[in-house]
Amino acid sequence: MDYRIYNASSGEYESSAEAHVLARAYRAAWRAVHGLEPEGVHEIGSLGLLMHFGGWAPAWTDVSHECAIAPEFAYAAAGGHDDK
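Note that this note's numbering has the sequence shown beginning at 4, numbered continuously upward.
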């Protein structure tokens, strides 16, 4: 499973064990409901988390931890929703 988890407000990578357990449970629930792997950006707004599933992940660009992200990820980070 290829995924990354980010703080929705800061864009910083979330490395806590709890966030990774959540991502794996989310993936299992998504597969049970939809019958396929989750792809793209999925937001859990109430927790302030963005989960990106798939082969591509944002890359850090400088020491200030600003993140170079794809337009659809930036849209979700700004409060939009990915309808995939």
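Every residue, glycine too, gets a C-beta built ideally from N, C-alpha and C.
Item: Cα-Cα separation, L50 to L25; Value: 11 Å
Item: Proximity of I8 and A22 at Cβ, strictly below 8 Å; Value: yes
Item: Where L39 falls: helix, strand or coil (DSSP); Value: coil
Item: For E21, the three-state DSSP class (helix, strand or coil); Value: helix
Item: Cross-strand partners of L53 (DSSP beta bridge); Value: Y9 and E46
Item: Exposed unless 16 or more other CB atoms sit within 10 angstroms - verdict on V44; Value: buried
Item: Distance between G48 and S19 (C-alpha atoms, nearest Å); Value: 17 Å
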